[in-house]
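The block underneath contains the structure these notes are about, expressed in structure tokens.
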Amino acid sequence: DTEVTQTPKHLVMGMTNKKSLKCEQHMGHRAMYWYKQKAKKPPELMFVYSYEKLSINESVPSRFSPECPNSSLLNLHLHALQPEDSALYLCASSQVQRSGNTIYFGEGSWLTVV
Amino acid sequence: AQTVTQSQPEMSVQEAETVTLSCTYDTSESDYYLFWYKQPPSRQMILVIRQEAYKQQNATENRFSVNFQKAAKSFSLKISDSQLGDAAMYFCASCHQGAQKLVFGQGTRLTINP
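What follows is the structure, encoded as structure tokens:
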């Protein structure tokens, strides 16, 4: 069983809709991540939060807006998406330490933009 | 910059036999970490095994073991006694110490033949 929980598992939205993906972890991790994965491709990093502050933004379009309300929660707000944004969105978490981080992933949210 | 290369897009093995998945990487860092993740059809990324580059001993986890050749920058995964549940996409990934970004290979799709 995953300790990183993502909701919803599936989401269909129109290009004018506003929706959010949610992620929760209870492992005491202080780093949380959003990855995007297209079919038959590896995950691509989008955002990293460390201690609830945005530490990495991989030049993601502003129609994706991350939010980290507290150390256990991570949201991804979606607005005015394009069909090419349809993908699996993976949330992950890890400890923040200098000795290397094992990143643990959730089950993902399948997003379809119509 | 780090790069990870998986040269085998697809592999297949008979149930109960052994299979080795290849991975090579390139990095200018002296301290880094290497991972194998498994992604079954359910799409959750599951950590299979992790190797610290400063450790000479190859990591093992039950039926899974790695052959870490630091000088050759090679990190192969051996799966012994293959089981039907091992069928998945396998991603090799690297992360240098203190970083929060996993660099993934393109993946190897493993099929288990009964």
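Going down the list, the protein sequences come from chains L and R. Every number in our numbering is 90 more than the matching position in the first sequence, counting from 1. Every number in our numbering is 1214 more than the matching position in the second sequence, counting from 1. Cβ atoms here follow ideal geometry from the backbone N, Cα and C, with glycine treated the same way.
Strictly by DSSP, which residues pair up with residue i?
{"i": "residue 1232 of chain R", "result": "Paired residue(s): none; residue 1232 of chain R is not in a bridge."}
{"i": "residue 146 of chain L", "result": "L/138"}
{"i": "residue 1306 of chain R", "result": "R/1250"}
{"i": "residue 1268 of chain R", "result": "Residue 1268 of chain R is not bridged to any residue."}
{"i": "residue 157 of chain L", "result": "L/165"}
{"i": "residue 94 of chain L", "result": "L/115"}
{"i": "residue 107 of chain L", "result": "Residue 107 of chain L is not bridged to any residue."}
{"i": "residue 1283 of chain R", "result": "R/1288"}
{"i": "residue 1195 of chain R", "result": "Missing from the structure shown is residue 1195 of chain R; chain R here goes from 1215 to 1328 and no further."}
{"i": "residue 120 of chain L", "result": "Paired residues: none, contrary to the question."}
{"i": "residue 1326 of chain R", "result": "R/1227"}
{"i": "residue 1275 of chain R", "result": "R/1278"}
{"i": "residue 1240 of chain R", "result": "R/1217"}
{"i": "residue 152 of chain L", "result": "Its beta-bridge partners do not exist; DSSP assigns none."}
Can you give me the C-alpha to C-alpha distance between residue i and residue j, rounded to a whole angstrom?
{"i": "residue 1265 of chain R", "j": "residue 176 of chain L", "result": "33 Å"}
{"i": "residue 273 of chain L", "j": "residue 143 of chain L", "result": "Residue 273 of chain L is absent from the structure shown; chain L starts at 91 and stops at 204."}
{"i": "residue 116 of chain L", "j": "residue 1229 of chain R", "result": "37 Å"}
{"i": "residue 1315 of chain R", "j": "residue 133 of chain L", "result": "11 Å"}
{"i": "residue 1280 of chain R", "j": "residue 1271 of chain R", "result": "10 Å"}
{"i": "residue 1217 of chain R", "j": "residue 1242 of chain R", "result": "10 Å"}
{"i": "residue 1283 of chain R", "j": "residue 105 of chain L", "result": "48 Å"}
{"i": "residue 1255 of chain R", "j": "residue 145 of chain L", "result": "31 Å"}
{"i": "residue 98 of chain L", "j": "residue 112 of chain L", "result": "7 Å"}
{"i": "residue 186 of chain L", "j": "residue 1328 of chain R", "result": "42 Å"}
{"i": "residue 1267 of chain R", "j": "residue 154 of chain L", "result": "35 Å"}
{"i": "residue 1157 of chain R", "j": "residue 147 of chain L", "result": "One cannot answer for residue 1157 of chain R here, as it falls past the ends of chain R, which runs 1215 to 1328."}
{"i": "residue 102 of chain L", "j": "residue 157 of chain L", "result": "21 Å"}
{"i": "residue 1200 of chain R", "j": "residue 107 of chain L", "result": "Lying outside 1215 to 1328, the shown extent of chain R, residue 1200 of chain R is not represented and no answer is given."}
{"i": "residue 140 of chain L", "j": "residue 127 of chain L", "result": "22 Å"}
{"i": "residue 1318 of chain R", "j": "residue 150 of chain L", "result": "18 Å"}
{"i": "residue 184 of chain L", "j": "residue 121 of chain L", "result": "5 Å"}
{"i": "residue 194 of chain L", "j": "residue 1286 of chain R", "result": "28 Å"}
{"i": "residue 1244 of chain R", "j": "residue 1236 of chain R", "result": "21 Å"}
Can you confirm whether residue i, when its beta carbon is compared against all beta carbons of chain A, has any partner nearer than 8 Å?
{"i": "residue 1314 of chain R", "result": "Annotation note: the requested chain A is absent from the structure, which comprises protein chains L and R."}
Would you list, in chain order, the members of the stretch 1257 to 1276 of chain R that have their beta-carbon closer than 8 Å to a beta-carbon of chain L? Only 1257, 1258, 1259, 1260, 1261, 1264 and 1266 from the stretch 1257 to 1276 of chain R bring a Cβ to less than 8 Å from some Cβ of chain L.
Given 8 Å, three or more beta-carbon pairs between the stretch 1287 to 1304 of chain R and the stretch 1226 to 1240 of chain R: Flag = yes, the stretch 1287 to 1304 of chain R and the stretch 1226 to 1240 of chain R touch.
Give, in chain order, every residue of the stretch 167 to 199 of chain L whose Cβ lies closer than 9 Å to some Cβ of chain R. Per Cβ criterion, the list reads 178, 180, 182, 184, 186, 187, 188, 189, 190, 191, 192, 193, 194, 195, 196, 197 and 198.
Identify each residue in the stretch 135 to 153 of chain L for which the Cβ-Cβ distance to at least one residue of chain R is less than 9 Å, and report them in chain order. So the close ones are 135, 138, 140, 145, 146 and 148.
Taking beta-carbon pairs under 7 Å, can you tell me which members of the stretch 103 to 132 of chain L lie near chain R? Residues of the stretch 103 to 132 of chain L with a C-beta atom less than 7 Å from some C-beta of chain R are 121 and 132, listed in chain order.
Using a beta-carbon distance cut-off of less than 7 Å, what residues from the stretch 1287 to 1309 of chain R approach chain L? Here the close residues are 1305 and 1309.
May I ask you to list, following chain order, the residues of the stretch 1314 to 1328 of chain R that have a beta carbon less than 8 Å from some beta carbon of chain L? Across the stretch 1314 to 1328 of chain R, CB contacts with chain L closer than 8 Å involve 1314, 1315, 1316, 1318, 1319, 1320 and 1321, in sequence order along the chain.
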